[in-house]
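If you read the sequence shown in my numbering, its first letter stands for residue 2, the second for the next number, and so on. Every residue gets a Cβ at the ideal spot worked out from N, C-alpha and C, and that includes glycine. Here the structure comes first, spelled out in C-alpha cells, and everything after it is commentary.
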Amino acid sequence: MSYIFLLFDLDHTLLDFDAAEDVALSHLLKEEGVADIQAYKDYYVPMNKSLWKDLEEKKITKQELVNTRFSRLFDHFGINKDGSYLAERYQFFLAQQGQIFSGAIELLDTLTERGYELYAATNGITYIQTGRLEQSGIAPFFKEIFISEQLHTQKPDAAFYEKIGNRIPNFDKHHALMIGDSLTADIQGGNNAGIDTIWYNPHHLENKTQAQPTYVVDSYQALLEILDKL
Numbered sequence: 002m003s004y005i006f007l008l009f010d011l012d013h014t015l016l017d018f019d020a021a022e023d024v025a026l027s028h029l030l031k032e033e034g035v036a037d038i039q040a041y042k043d044y045y046v047p048m049n050k051s052l053w054k055d056l057e058e059k060k061i062t063k064q065e066l067v068n069t070r071f072s073r074l075f076d077h078f079g080i081n082k083d084g085s086y087l088a089e090r091y092q093f094f095l096a097q098q099g100q101i102f103s104g105a106i107e108l109l110d111t112l113t114e115r116g117y118e119l120y121a122a123t124n125g126i127t128y129i130q131t132g133r134l135e136q137s138g139i140a141p142f143f144k145e146i147f148i149s150e151q152l153h154t155q156k157p158d159a160a161f162y163e164k165i166g167n168r169i170p171n172f173d174k175h176h177a178l179m180i181g182d183s184l185t186a187d188i189q190g191g192n193n194a195g196i197d198t199i200w201y202n203p204h205h206l207e208n209k210t211q212a213q214p215t216y217v218v219d220s221y222q223a224l225l226e227i228l229d230k231l
C-alpha cells in the first residue's frame with residue numbers, strides 16, 4: 002500500500018501535552034492562591050482524562066467538559082469556583098505552551114522531503130491548539146490543520162474523517178494513514194472511516210479495546226521504517 006496523505010494526531014503523538022498541561026496548571030493554581038499545587042494536579046489529571054473519555058463516548062458535551070472540570074476540581078477540595086472563568090484562564094496559559102517530543106521536527110521534516118502530504122487531525126479547542134502549534138514550530142509542516150471544534154465532529158466519528166476528506170484535494174482514503182497514540186480516538190476513528198492506522202505506542206501499552214491498528218510503532222524511527230517498506 003502506498004500512502005500519500007498522513008493524518009497526524011497532535012497531543013501525545015507530536016505535542017507533549019503532559020508537559021504543557023503541567024505548566025498551565027501551575028500558572029492557574031498559583032493565580033488562584035492554591036498552596037498544595039501537587040495535590041490539586043494529582044486529582045485533576047485523571048479526572049480530566051476521564052472527562053475526555055466521556056466526551057469520546059458522547060456521555061457529555063465539549064461545553065460541559067470545558068466549563069465544569071475546574072469547578073469539579075475545586076469542589077473536591079471544598080471550594081466553590083466559577084468553572085467558566087477558570088476555563089478561560091487555563092486556556093490562556095495552555096495556549097502559550099508549545100512543548101514537543103524530541104525528534105518531532107526531524108520526523109516531519111523527513112516526511113515532507115519524501116513527498117508526503119501532512120495534515121494535523123486533532124480533537125481539541127481551536128484557541129488552544131492553534132496557539133500551541135504556533136509556539137511549537139511544527140505548524141508550517143502541515144498543509145492544513147483540522148480541529149474537531151471547527152469541524153463540529155470529533156474522532157472517532159467517521160464524519161470527522163469524511164469532512165477532512167472533503168477538504169483535501171484529490172483525497173483517497175485508501176492512500177491515507179491516521180497516526181496517533183489513542184486507540185479509542187485515532188485508531189478507532191480510522192477503523193470507523195475505513196482508513197489505515199499507525200498506533201504510536203512508545204510506552205508499549207496493551208490494546209484492551211476493539212480498535213485494530215494496521216501497524217504499531219514505538220518510536221518515530223520505527224514509523225519511518227514502516228513507511229520505507231510500503
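DSSP three-state label for Gly138, please.
Position 137 of the sequence shown holds residue 138. Reduced to three states, the DSSP call for Gly138 is coil.
Where Ala36 falls: helix, strand or coil (DSSP)
On the sequence shown, position 35 is the one that residue 36 refers to. Coil, per DSSP.
Limits of the unbroken alpha helix (DSSP H) element including Tyr162
On the sequence shown, position 161 is the one that residue 162 refers to. Ala159 to Arg168 is the span of the alpha helix (DSSP H), which, as asked, contains Tyr162.
Cβ neighbours of Ile180 in the same chain (closer than 8 Å, five flanking residues each side left out)
Stepping through the sequence shown from its first residue, residue 180 is reached at position 179. Same-chain partners within the cutoff: Leu7, Leu8, Phe9, Asp10, Thr14, Asp187, Thr198, Ile199, Tyr201 and Leu224.
Which value, in whole angstroms, describes the spacing of the CA atoms of Leu30 and Ala36?
One-based indexing of the sequence shown puts residue 30 at position 29. One-based indexing of the sequence shown puts residue 36 at position 35. C-alpha separation (whole angstroms): 8 Å.
Please classify Asp197: does DSSP put it in a helix, a strand, or coil?
For the purposes of this step, residue 197 is taken as the residue at position 196 of the sequence shown. Residue state, collapsed to three classes: strand.
Cα-Cα separation between Pro214 and Leu228, rounded to whole angstroms:
For this step, residue 214 is matched to residue 213 along the sequence shown. For this step, residue 228 is matched to residue 227 along the sequence shown. The alpha-carbon atoms of Pro214 and Leu228 are separated by roughly 15 Å.
Express the C-alpha separation of Glu163 and Lys174 in angstroms, rounding to a whole number.
Against the sequence shown, residue 174 aligns to sequence position 173. Against the sequence shown, residue 163 aligns to sequence position 162. Cα-Cα distance, rounded: 9 Å.
Can you tell me which of the three DSSP states Thr131 falls into?
As a first step, residue 131 must be located in the sequence shown, where it is residue number 130. Looking at Thr131 - three-state DSSP - the assignment turns out to be helix.
So what does DSSP say about Phe147, is it helix, strand or coil?
Here residue 147 refers to the residue found at position 146 of the sequence shown. Correct three-state label for Phe147: strand.
Considering only the beta carbon of each residue, do Leu66 and Leu74 sit closer than 7 Å?
Working through the sequence shown from its first residue, we reach residue 66 at position 65. Working through the sequence shown from its first residue, we reach residue 74 at position 73. Result no, Cβ atoms of Leu66 and Leu74 do not sit closer than 7 Å.
Report yes if the CB atom of Thr131 is closer than 7 Å to the CB atom of Gln151, and no otherwise.
Here residue 131 refers to the residue found at position 130 when the sequence shown is read from its first residue. Here residue 151 refers to the residue found at position 150 when the sequence shown is read from its first residue. No.
Between the alpha carbons of Pro170 and His28, how many angstroms are there, rounded?
Within the sequence shown, residue 170 is the residue found at index 169, counting from 1. Within the sequence shown, residue 28 is the residue found at index 27, counting from 1. Between the C-alpha atoms of Pro170 and His28 there is a straight-line separation of about 42 Å.
Within 7 Å, strictly: CB atoms of Ala25 and Leu109
On the sequence shown, residue 25 is found 24 positions in, with the first residue counted as 1. On the sequence shown, residue 109 is found 108 positions in, with the first residue counted as 1. If you check the CB distance, Ala25 and Leu109 do not come in under 7 Å.
For Glu135, which residues in the same chain have their Cβ closer than 8 Å to its Cβ, ignoring the five residues on either side in sequence?
As a first step, residue 135 is located in the sequence shown; it is residue number 134 there, counting from the start. The answer, listed in chain order, is Gly99.
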